[in-house]
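With the numbering used here applied, the sequence shown has no gaps in its numbers, which climb one by one up to 240 at the end. Remarks on the structure that follows.
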Amino acid sequence: MHHAHNDDATTDPREFWENRYSSAERIWSGRPNATLVGLVEDLPAGRSVDLGCGEGADVLWLASAGWEATGVDISATAVARARAAAEDQGLSEATHFEATDLAVWSPIEPFDLVTASFLQSPVELDRVEILRRASSLVAEGGRLCIISHAAPPPWSESARGHGPGDFPQPEEDLNSLNLGAEWTTEICEVRRREAEGPNGELATLLDSVVVTRRRG
Ligand SMILES: C[S@@+](CC[C@H](N)C(=O)[O-])C[C@H]1O[C@@H](n2cnc3c(N)ncnc32)[C@H](O)[C@@H]1O
């Protein structure tokens, strides 16, 4: 027998994110992340992957900038929206989306760019392990770009508890990767950004930004 349960209370990551995406026609703006665009716009295009790509705006931007762009997300609904947006924008050929839990995702070919933007979750997410494995997927001469909330936005759901490591600082993030001597840190800093919350409220948000390059 199935037990009725409150959807918001689930702690299963797939169910949590499916519920989150299914709760609205779209949960993100559809615009690429300006910080990410600034970090990668001058890089030569190659193969990219975005970890926790959501509805795919960053993947679509990368594809439009010439990248062979992959996006991975645990939510099948988010990935279906990303694929539909790619189709609408004529970017189906240049993009590839996978609905997969990154904890078990194991691609074969390396990537010139691995991005993780706000790969953070109020439910279980082995972020450090996922990012460590992601670093091993970076090709020689390629980069890993990690952008994270360094502090909770004031409008984030206050009902949910946050644990240590949920809002990583850049040095902590970089150190947790245990990267070898073949890596060069290009950016490791907190950036401030003005943003508008869901009800139009304005706030200054803190982003942790880490860019590291594997020597080629
Ligand atoms: C805070 S959202 C960020 C989405 C997008 N990158 C952005 O910048 O707007 C975190 C994303 O990570 C995804 N996610 C959480 N845990 C995951 C996992 N284990 N494997 C793959 N994706 C996951 C969620 O479905 C969600 O889309």
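Just so you know, even glycine gets a beta-carbon here, dropped at the ideal spot from N, CA and C. As the structure is a computational prediction, the values presented were derived from the model and not from experiment.
Own chain partners of residue i with C-beta closer than 7 Å, once the 5 adjacent residues on each side are dropped
i: ARG55; result: ALA81
i: VAL61; result: TRP85
i: SER46; result: THR101
i: PHE40; result: THR34 and VAL147
i: GLY240; result: GLU164 and GLY165
Environment of residue i [buried if 16+ CB atoms lie within 10 Å]
i: ILE171; result: buried
i: VAL64; result: buried
i: ALA205; result: exposed
i: ALA108; result: exposed
i: GLU42; result: buried
i: ALA219; result: exposed
i: ASN223; result: exposed
i: ARG44; result: buried
i: ASN57; result: buried
i: ASP112; result: exposed
i: ASP36; result: exposed
i: ALA48; result: exposed
i: ARG151; result: buried
Given residue i as reference, the closest of the options once Cα atoms are compared
i: ARG157; options: THR34, LEU63, LEU60 and LEU126; result: LEU126
i: GLU225; options: LEU201, ASP74 and TRP179; result: TRP179
i: SER145; options: HIS173, ALA118, SER130 and PHE121; result: HIS173
i: VAL214; options: GLU220, LEU203, GLY221 and ASP231; result: ASP231
i: THR228; options: GLY240, ALA175 and THR209; result: ALA175
i: PRO68; options: SER53, LEU75 and ALA87; result: ALA87
i: LEU168; options: ASP190, VAL83, ASP150 and THR209; result: THR209
i: ASN202; options: PRO177, ARG217 and SER160; result: SER160
i: VAL73; options: SER141, THR59 and ALA48; result: SER141
i: ALA95; options: ALA118, THR59 and LEU75; result: Looking at the sequence provided, one finds Gly at residue 95 rather than Ala. It is LEU75.
Residue i, enclosing beta strand (DSSP E) - first and last residue
i: ILE211; result: 207 to 220
i: GLU122; result: 119 to 123
Residue i - containing alpha helix (DSSP H), residue span
i: VAL73; result: Note, VAL73: premise wrong, no alpha helix (DSSP H); beta strand (DSSP E) at 71 to 75.
i: PHE40; result: 37 to 46
i: GLU196; result: 194 to 200
i: THR59; result: 58 to 64
i: THR101; result: 100 to 112
i: TRP85; result: 81 to 88
i: LEU155; result: 151 to 159
Own chain, CB closer than 8 Å to residue i, minus 5 neighbours either side, in chain order
i: GLU195; result: CYS212
i: GLY70; result: TRP91, GLU92, PHE135, ASP136, LEU137, ALA163 and GLY166
i: ARG50; result: GLU79 and ARG105
Which residues DSSP lists as bridging residue i, in chain order
i: ASP231; result: HIS173 and ARG215
i: ALA140; result: LEU75 and ILE170
i: THR94; result: VAL73 and HIS120
i: ARG55; result: Bridge partners of ARG55: none, in fact.
i: VAL162; result: PHE135
i: THR236; result: LEU168 and THR209
6 Å Cβ shell around residue i - same chain, five flanking residues per side excluded
i: TRP207; result: THR236 and ARG238
i: VAL103; result: ASP97, PHE121 and ALA123
i: VAL234; result: ILE170, PRO194, ASP197, LEU198 and CYS212
Closer than 7 Å: residue i CB and nearest ligand 2 heavy atom
i: SER180; result: Judged by which ligands are present, ligand 2 is missing from the structure shown, whose ligands are ligand 1.
Cβ of residue i within 8 Å of any chain C Cβ
i: SER99; result: The question asks about chain C, but that chain is absent: this structure has only one protein chain.
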